[in-house]
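A.B. asks: Next up is a structure, given as structure tokens.
Protein chains: 2
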Amino acid sequence: MKFPEEDSNKHTFAFNKKIMFENKTQRTELSEIGEFGLIKHIEKSVKTFHSETIKGIGDDAAVIESDGKIKVVTTDMLLEGIHFDLAYSPLKHLGYKAVVVNLSDIYAMNALPKQILVSIGLSNRFSLEAVEELYSGINMACEKYKVDLIGGDTSSSASGLVISVTAIGSAENKNEIVYRNSAKENDLICVSGDLGAAYLGLQLLNREKKIFLENPKVQPDLSGFDYLLERQLKPEARKDIIKQLKIAGVKPTSMIDISDGLASELFHICTQSETGCIIYEKKIPVDVKAAELAQEFNLNPTVCALSGGEDYELLFTIAQKDYAKIQSFKDISVIGNITNKSDGMKMSDASGNEIELKAQGWNAFH
Amino acid sequence: MKFPEEDSNKHTFAFNKKIMFENKTQRTELSEIGEFGLIKHIEKSVKTFHSETIKGIGDDAAVIESDGKIKVVTTDMLLEGIHFDLAYSPLKHLGYKAVVVNLSDIYAMNALPKQILVSIGLSNRFSLEAVEELYSGINMACEKYKVDLIGGDTSSSASGLVISVTAIGSAENKNEIVYRNSAKENDLICVSGDLGAAYLGLQLLNREKKIFLENPKVQPDLSGFDYLLERQLKPEARKDIIKQLKIAGVKPTSMIDISDGLASELFHICTQSETGCIIYEKKIPVDVKAAELAQEFNLNPTVCALSGGEDYELLFTIAQKDYAKIQSFKDISVIGNITNKSDGMKMSDASGNEIELKAQGWNAFH
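Listed in order, the protein sequences are those of chains S and P. Under the working numbering, think of the first position of the first sequence as 39, with each following residue one higher. Under the working numbering, think of the first position of the second sequence as 39, with each following residue one higher.
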């Protein structure tokens, strides 16, 4: 092959084996560096050639400028057995969720999603009717959020179902975009909705699946947990919050969507903004039912909010002067404020003790 | 869950089972309708909400307009065991190819690729060093074609390697874009480079892999087949052809890239343009070495060109008046012309007999 540094006669079989399995002295496990470490590693080797690429790797979405107009682009891949379990994820819900998690990233840039592309890999156990179910969910999300499905790819898959979605959004100009790296000391830390419920919905589904597998005649009783199940299986993106803030004339100083858990997202904002933070445990919004279920599972509800993930709420910071404009908003909680970098990332717990926050972001490679 | 037509109490386990396995009377196998059938089926249910979406599903890439400026977007997913075999695909080549096949779709719209997003799903058999290899190929393609890697997603995978690439390109204005559906009767049918070599490279690799598996001590002798192997493992996108045509002042009347084989791509152009075509077997460019190897495999070289696929050459039509402008171009062959729809899709074979062309496009679901 004609890669410059390679001898074209060296084409030998199973040459990946050495890198993948045998070369023990140089083998670094992905679990050692984790997902964030891997992304950083990839980012280091990236060069850009076009001045219109104003933001590449490192935020919820990339940002492209052309003649003053802004496009933001993001992509997310969902894999069977990793991101979803078809035993309890209805295909329609799955299609809906695959779209929504991408739209959430666009809103987190303070932009509006306009188009999506959807690629699917399907094994032959899927029928046309199954694919129709999946797309009915995709189309429903498109309808609700007013986005156009403009393309994609269909392929067979040797194993599980794979769904890859790319979302494209737009903003009127560069100044509308909100990044992760622009929080300032004393800014207020805000979060929309409530946290931890999606994670608890997942725990519930996994527990009931186990019972079901042991005795398939018993249909699990999930009644009363609709909200938690919906948070896990059919989340929504916070289009409404973006709209409210715009109407109120508040531009967040930084923003991110909560996909990996509050602690992890705070970590991104503070690291990229070179700040510290203090949040108050009592202020973290947790749904009553979620808190109850957490107790049942011997879990601390705060830990579920900090490290559970998949809430798809917005975490953002605002200047103190804007507090009056948002204080009456029902679905926004102020949970703390940005501090100096030297103060670190702290949480003041229910008893008033300050504890250090750790970004326990979901480690994709374990 | 709150899908309007559903009763929220109906959340039962294994509900996908019915659709996927049990509901025999309504089960339509994907292999019955094939990939193109599936895409058509999906397309039918799609609505668009934004006037800036000027072309959705149905071409090499989607087209978005904002204030006169054009963005084209395409996405392709490569799955281990379907699109590549790690026994003989070096990871660096694979990364390179994953990018190039997407860029090819952008060029096929007569646009210039500017940015890509790359998502990968990795099982734990992959080390950091393996991922570095993959990205060294991705970065090399970015460098060669001057595109910016601006984002993506990394995830673990329960089984094989998954690579999903989205490419974004731009064009100065709407009129520059070339679609599949605008070929006119009497237009000349042109193809760049040569066809069938990638398919024969694959046959060769598969044969040698079989020998290798039977006796791993024998390293296969692939010398002398560099060109065919390169066509399969490290294809290039025809940026040069787009540039040449622009300099010559020729705008193709329709264009598509050859990923599924000449017959299949001609089928797309003729169907969407509502025309017929006639091509001449003798004019189809086939590499000498590829033709030799085809004989060795008892394959007809023309069939390899018509249905082999993965050549990533450009198939395009031009108005007859433009012939003089391109006739001296070494790497463009005129292979026939567009006819009336009622004439059907024909090939005049080496003996001058007209045979009907069938789109044998790669059936992804078999």
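The C-beta atom is built at its ideal place from N, Cα and C for all residues, glycine as well.
For I102 of chain S and I92 of chain S, which I take to be in contact (beta-carbon distance under 8 Å), what is that distance rounded to the nearest angstrom?
C.D. replies: 7 Å
A.B. asks: Using 10 angstroms around the beta-carbon of K321 of chain S, count the other beta-carbons present and answer buried if the total reaches 16, otherwise exposed.
C.D. replies: Answer is exposed; the Cβ neighbour count stays below 16.
A.B. asks: Determine the direct distance from the alpha carbon of E246 of chain P to that of S46 of chain S, and round the result to whole angstroms.
C.D. replies: No answer about S46 of chain S holds up, because its pLDDT of 42 lies below 50 and its placement is not dependable.
A.B. asks: What is the residue span of the beta strand (DSSP E) that G189 of chain P lies within?
C.D. replies: D186 to S194
A.B. asks: Just to confirm, are D114 of chain P and A146 of chain P a CB contact at a threshold of 9 Å?
C.D. replies: No; because the gap between Cβ atoms is not below 9 Å, this pair is not in contact.
A.B. asks: For a test of the three-state rule: what should DSSP assign to W400 of chain P, helix, strand or coil?
C.D. replies: Residue placement at W400 of chain P cannot be trusted, given a pLDDT of 43 that sits under 50; what the coordinates show is reported in the next sentence. Three-state result, W400 of chain P: coil.
A.B. asks: Assuming D143 of chain S and D295 of chain S make a contact with CB atoms under 8 Å, what is their CB distance in whole Å?
C.D. replies: 6 Å
A.B. asks: From K379 of chain P to N148 of chain P, what distance separates their C-alpha atoms?
C.D. replies: 25 Å
A.B. asks: What's the C-alpha gap between F122 of chain P and L116 of chain P?
C.D. replies: 7 Å
A.B. asks: If I373 of chain P and I307 of chain P are in contact, beta carbons under 8 Å, what's the gap, nearest whole angstrom?
C.D. replies: Actually they do not touch by this definition, with Cβ atoms about 12 Å apart.
A.B. asks: Rounded to the nearest angstrom, what separates G207 of chain S and K109 of chain S at their Cα positions?
C.D. replies: 6 Å
A.B. asks: What number of angstroms, rounded off, separates the C-alpha of E319 of chain P from the C-alpha of K281 of chain P?
C.D. replies: Their backbone Cα atoms lie some 28 Å apart in a straight line.
A.B. asks: Locate the alpha helix (DSSP H) running through E167 of chain S, then write down its first and last residues.
C.D. replies: L166 to Y183
A.B. asks: Of the choices S:G189, S:V185 and S:K82, whose alpha-carbon is the least far from that of H88 of chain P?
C.D. replies: S:V185
A.B. asks: Taking DSSP's pairing of strands, which residues face N375 of chain P in a bridge?
C.D. replies: P:L226 and P:I316
A.B. asks: Starting from I95 of chain S, trace the alpha helix (DSSP H) in both directions and tell me its first and last residue.
C.D. replies: First-last for I95 of chain S: undefined, no H or E at that position.
A.B. asks: May I ask you to list the residues that DSSP assigns as paired with M293 of chain S?
C.D. replies: S:F354
A.B. asks: Give a yes or no on whether the C-beta atoms belonging to D302 of chain P and G347 of chain P are separated by under 9 Å.
C.D. replies: Per the sequence presented here, residue 302 of chain P reads as Ser, with Asp not at that position. In contact: S302 of chain P and G347 of chain P (Cβ atoms closer than 9 Å).
A.B. asks: Report back the beta-carbon spacing between L304 of chain S and L353 of chain S to the nearest angstrom; my notes put them in contact at under 8 Å.
C.D. replies: 7 Å
A.B. asks: Name the DSSP beta bridge partners of G207 of chain P, please?
C.D. replies: Per DSSP, P:V110 and P:P151.
A.B. asks: With a cut-off of 8 Å, do at least 3 Cβ pairs link the region 63 to 72 of chain S to the region 163 to 170 of chain P?
C.D. replies: yes
A.B. asks: In this structure, does DSSP put I322 of chain P in helix, strand or coil?
C.D. replies: coil
A.B. asks: Rounded to whole angstroms, what's the CA-CA distance from I405 of chain P to M383 of chain P? Just pull it up for me.
C.D. replies: Any question about residue 405 of chain P goes unanswered here, given that chain P covers just 39 to 404.
A.B. asks: Is C180 of chain S close to chain P? Criterion is C-beta to C-beta, closer than 9 Å.
C.D. replies: So yes, C180 of chain S belongs to the interface.
A.B. asks: Between the alpha carbons of E334 of chain S and E268 of chain S, how many angstroms are there, rounded?
C.D. replies: 19 Å
A.B. asks: Drop a sphere of 10 angstroms on the beta-carbon of N375 of chain P, count the other beta-carbons inside from all chains shown, and report buried for 16 or more, exposed for fewer.
C.D. replies: Only buried fits N375 of chain P, as 16 or more other CB atoms lie within 10 angstroms of its CB.
A.B. asks: Sort S:P323, S:L242, S:Y361 and S:P339 by Cα distance to P290 of chain S and report the nearest one.
C.D. replies: S:Y361
A.B. asks: Counting only beta-carbon separations shorter than 9 Å, does Y361 of chain P have a partner in chain S?
C.D. replies: no
A.B. asks: Of the choices P:G239, P:E274 and P:L271, whose alpha-carbon is the least far from that of F263 of chain P?
C.D. replies: P:G239
A.B. asks: So K184 of chain P contacts chain S; which residues on that side make the cut at Cβ distance below 8 Å?
C.D. replies: F87 and H88
A.B. asks: Cα separation between V139 of chain S and S69 of chain S?
C.D. replies: 24 Å
A.B. asks: Interface residues of chain S around Y173 of chain P at Cβ under 7 Å?
C.D. replies: In chain order: I80 and S83.
A.B. asks: Can you give me the C-alpha to C-alpha distance between K86 of chain P and I249 of chain S, rounded to a whole angstrom?
C.D. replies: Inspection of the sequence shows that residue 86 of chain P is occupied by Thr rather than by Lys. Straight-line Cα distance between these residues: approximately 43 Å.
A.B. asks: List, in chain order, every chain S residue whose beta-carbon is nearer than 9 Å to that of T91 of chain P.
C.D. replies: K152, Q153, D186 and I188
A.B. asks: If we ignore side chains and look at the alpha-carbon of each, how far apart do G96 of chain S and L260 of chain S end up?
C.D. replies: Their backbone Cα atoms lie some 39 Å apart in a straight line.
A.B. asks: Quick check: the Cα distance between Q153 of chain P and G94 of chain S, rounded to an integer number of angstroms?
C.D. replies: 9 Å
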